[in-house]
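Asker:
Protein chains in written order, with the numbering used here: chain A, 86 to 353; chain B, 86 to 353.
1) Quickly, what does DSSP pair residue 197 of chain B with across the bridge? List them, please.
2) Any idea what DSSP makes of residue 276 of chain B, helix, strand or coil?
3) Measuring straight from C-alpha to C-alpha, what distance separates residue 274 of chain A and residue 306 of chain B?
4) Threshold first: 3 residues or longer. Then list the beta strand (DSSP E) segments lying entirely within the stretch 112-142 of chain B, N to C.
5) Using a Cβ-Cβ cutoff of less than 7 angstroms, which residues in the same chain neighbour residue 127 of chain A once the five nearest sequence positions on both sides are dropped?
6) Candidates B:202, B:154, B:183, B:113: which alpha carbon is nearest residue 360 of chain B's?
7) Give me, in chain order, the residues of the same chain whose beta-carbon lies closer than 7 angstroms to that of residue 335 of chain B; leave out the 5 immediate sequence neighbours on both sides.
8) What did DSSP end up calling residue 162 of chain B once you bin it into helix, strand or coil?
9) Determine the extent of the beta strand (DSSP E) in which residue 185 of chain B is found, giving its start and end residues.
10) Going by Cα to Cα distance, which pick from A:118, A:158, A:253 is closest to residue 205 of chain A?
11) Quick one: what does DSSP say residue 347 of chain A is sitting in, helix, strand or coil?
12) I need the straight-line Cα distance from residue 354 of chain A to residue 303 of chain A, nearest angstrom please.
13) Would you give the residue range spanned by the alpha helix (DSSP H) that residue 203 of chain B belongs to?
14) In chain order, what are the residue ranges of uninterrupted alpha helix (DSSP H) at least 4 long that sit wholly in the stretch 277-309 of chain A?
15) Between the stretch 103-121 of chain A and the stretch 167-180 of chain A, are three or more C-beta pairs nearer than 8 angstroms?
16) Using CA coordinates, which residue listed in A:281, A:133, A:220, A:233 is at the minimum distance from residue 193 of chain A?
17) Identify the continuous alpha helix (DSSP H) that holds residue 38 of chain A and give its terminal residues.
18) If contacts are defined as beta-carbon pairs under 8 angstroms, then residue 171 of chain B and residue 97 of chain B qualify, I think. What distance do you get, rounded to the angstrom?
19) Residues of chain A with CB closer than 9 angstroms to the CB of residue 336 of chain B, please, in chain order.
20) CB residue 120 of chain B to CB residue 185 of chain B, shorter than 8 angstroms?
21) In angstroms with no decimal places, state the Cα-to-Cα distance between residue 266 of chain A and residue 309 of chain A.
22) If the criterion is Cβ atoms closer than 8 angstroms, does the pair residue 288 of chain A and residue 322 of chain A meet it?
23) Look at the Cβ atom of residue 95 of chain A, then the Cβ atom of residue 347 of chain A, and state whether they are nearer than 8 angstroms.
24) Is residue 138 of chain A close to the ligand MG? I mean its beta-carbon at under 7 angstroms from any heavy atom of the ligand.
25) With C-beta atoms as the reference, is residue 251 of chain B less than 8 angstroms away from residue 201 of chain B?
26) Which same chain residues end up closer than 8 angstroms to residue 210 of chain A when comparing Cβ atoms and leaving out the 5 residues on each side of it in sequence?
27) Taking the C-alpha atoms as reference points, what is the distance between residue 248 of chain B and residue 190 of chain A?
28) Go to residue 334 of chain B, then tell me how far its beta strand (DSSP E) extends in each direction, as first and last residue.
29) Residue 169 of chain A and residue 349 of chain A - do their beta-carbons sit closer together than 8 angstroms?
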């Protein structure tokens, strides 16, 4: 059997303040960080984890995050680099629905959609401090209707093709593809562990730890709903990485990201 | 019967970043904000709410907060301005134990001490993101021992004279002096409502809302343990102020603070 392959789909970059990357610790000042999605080619199907940000959305709602994104850094563009089209993706799993993790969902009407069961309700009715985080609701007709933001919906996005199967706790989505429940950053946040036949597992922290330094210093991002849970999730990620001898990959760590394989290169 | 009098004891000022005052919203940049304590002269006794920061502690541990504090802005100094000495205070209540609310406790060994029952345990074992907040443990021999920081204890501070009576929920500490449980900023945070015979009540938000704008925009400070609870507490403070027709006073709002009565002036 062919081994699982993991492709990182480069999604461009954004800018936030150092106080947002390292909550209350900083230092202050602009930090440009990468955004990417994770495509898992697996015997059981083609799974896409997260879908990056939508350039037009960010320019309209959060232009101060100074988005940079080429055509090849959109979901259709990045899939195209490896000879795929959006319709080739069987399952989309969103770690959470902050705008930089769900902006490309709209391009995948045919895929089955899965997330934590509390994430869509949260996107429908976010805390006041989460409004910018959950500002792109184009991934869900339900959320767009709840928020009065149906103007965000792309033609063709319907309740039927944007309804999510809700899960909770840890779930093995396919053999060796483990969703690790790591709440704190958002109410239903997941990290991702992928096991291979031929190499060390990879543990994608997703936003439980933006950067290596975040995890090493237990300093979560300033964007969060439950910082106590966030610390517990970081402890959990550290322990799991050790137990599984997993390679850790971070969500928004430019220095490490430059060493990651992207484009046509893959892991596995 | 003499009406209750409320004196504000000016405690100097500190500097933090705009992203700390208005969590994730800012704008960025240095903000100098006031620190003060609240003395309630009441038929049932003399109650002191919070005790400001200790200049030497801040210079040693958080010099980047650029403390400004004259002798008259210490607890002994501010009490002296109104003809009192520390031993004249019967009860010290701490809204929570962040360093800018408990730095002067050490000067009040004779007063009875009260706080939420979870605040001392939290100061003994803070979350990683709370270490600077709970960095001054001179208010409690127990906390100083738990943290290995007994060097902070002033000569004469003992377990016996720094032990707190723990409360929970709302408590009427003396007739018309209401402790309002408003968690979020810290695990056991309280606001304070004082009723008078001859004037509108005053509702001190304490750190449930640093500033008027914070409360109006439901934007809590970046220092918090449970932001969802923090939002609920702000809603509660707003509702209570309306129900009681109370004047709102904020903890760290320089613009409003300039209009507050301090020194020998009082409310009531």
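Every residue gets a Cβ at the ideal spot worked out from N, C-alpha and C, and that includes glycine.
Computed from a predicted model, the values in this text were never measured in an experiment.
Answerer: This is what the structure holds:
1) Indexing the second chain from 1 puts residue 197 of chain B at position 112. Paired residues: B:176.
2) Here residue 276 of chain B corresponds to residue number 191 of the second chain, with the count starting at 1. Strand at residue 276 of chain B.
3) Counting from one through the first chain, the residue named residue 274 of chain A turns up at place 189. Counting from one through the second chain, the residue named residue 306 of chain B turns up at place 221. Rounded to the nearest angstrom, the two C-alpha atoms are 23 angstroms apart.
4) 115-127, 130-134
5) Counting from one through the first chain, the residue named residue 127 of chain A turns up at place 42. The answer, listed in chain order, is 89, 259, 262.
6) Nothing can be reported for residue 360 of chain B: it is not among the residues displayed for chain B, which extend from 86 to 353.
7) Locating residue 335 of chain B in the second chain gives position 250, where the first residue counts as 1. For residue 335 of chain B, where only same-chain residues beyond five positions count, the Cβ hits under 7 angstroms are 290, 294, 295, 296, 297, 341.
8) The residue you call residue 162 of chain B lines up with position 77 of the second chain. The answer is helix: DSSP assigns residue 162 of chain B an H, G or I state.
9) Residue mapping note: residue 185 of chain B aligns to position 100 of the second chain, counting from 1. First-last for residue 185 of chain B: 184-187, but that is the alpha helix (DSSP H), not the beta strand (DSSP E).
10) As a first step, residue 205 of chain A is located in the first chain; it is residue number 120 there, counting from the start. The shortest C-alpha separation from residue 205 of chain A is found at A:253.
11) As a working mapping, residue 347 of chain A is identified with position 262 in the first chain. Of the three classes helix, strand and coil, the one that applies to residue 347 of chain A here is coil, per DSSP.
12) For chain A, the structure presents residues 86 to 353; residue 354 of chain A sits outside this window and is missing.
13) For the purposes of this step, residue 203 of chain B is taken as the residue at position 118 of the second chain. Careful: residue 203 of chain B lies outside any alpha helix (DSSP H) and carries neither H nor E.
14) 297-302
15) no
16) On the first chain, residue 193 of chain A is found 108 positions in, with the first residue counted as 1. Ranking the options by Cα distance to residue 193 of chain A, first place goes to A:133.
17) No statement about residue 38 of chain A is possible, as the shown extent of chain A runs from 86 to 353 and does not include it.
18) Indexing the second chain from 1 puts residue 171 of chain B at position 86. Indexing the second chain from 1 puts residue 97 of chain B at position 12. The pair is not a contact, with the Cβ atoms about 17 angstroms apart (cut-off 8 angstroms).
19) Residue numbering aside, residue 336 of chain B sits at position 251 when the second chain is read from its first letter. Correct list: empty, because the minimum Cβ distance to chain A is about 18 angstroms.
20) Within the second chain, residue 120 of chain B is the residue found at index 35, counting from 1. Within the second chain, residue 185 of chain B is the residue found at index 100, counting from 1. Yes; because the gap between Cβ atoms is below 8 angstroms, this pair is in contact.
21) By one-based count along the first chain, residue 266 of chain A stands at place 181. By one-based count along the first chain, residue 309 of chain A stands at place 224. Rounded to whole angstroms, residue 266 of chain A to residue 309 of chain A spans 15 angstroms at the Cα level.
22) Residue numbering aside, residue 288 of chain A sits at position 203 when the first chain is read from its first letter. Residue numbering aside, residue 322 of chain A sits at position 237 when the first chain is read from its first letter. Yes, Cβ-Cβ distance for residue 288 of chain A and residue 322 of chain A is below 8 angstroms.
23) Position 10 of the first chain, counted from the first residue, corresponds to residue 95 of chain A. Position 262 of the first chain, counted from the first residue, corresponds to residue 347 of chain A. Yes, Cβ-Cβ distance for residue 95 of chain A and residue 347 of chain A is below 8 angstroms.
24) Within the structure as shown, the ligand MG is missing, as the structure has no ligands at all.
25) In the second chain, counting from the first residue as 1, residue 251 of chain B sits at position 166. In the second chain, counting from the first residue as 1, residue 201 of chain B sits at position 116. Yes. Within cutoff.
26) Residue 210 of chain A sits at position 125 when you count from the first residue of the first chain. 231.
27) Residue 248 of chain B sits at position 163 when you count from the first residue of the second chain. Residue 190 of chain A sits at position 105 when you count from the first residue of the first chain. If you take the alpha carbons of residue 248 of chain B and residue 190 of chain A, they lie about 56 angstroms apart.
28) As a working mapping, residue 334 of chain B is identified with position 249 in the second chain. 332-334 is the span of the beta strand (DSSP E), which, as asked, contains residue 334 of chain B.
29) Counting from one through the first chain, the residue named residue 349 of chain A turns up at place 264. Counting from one through the first chain, the residue named residue 169 of chain A turns up at place 84. No. Outside cutoff.
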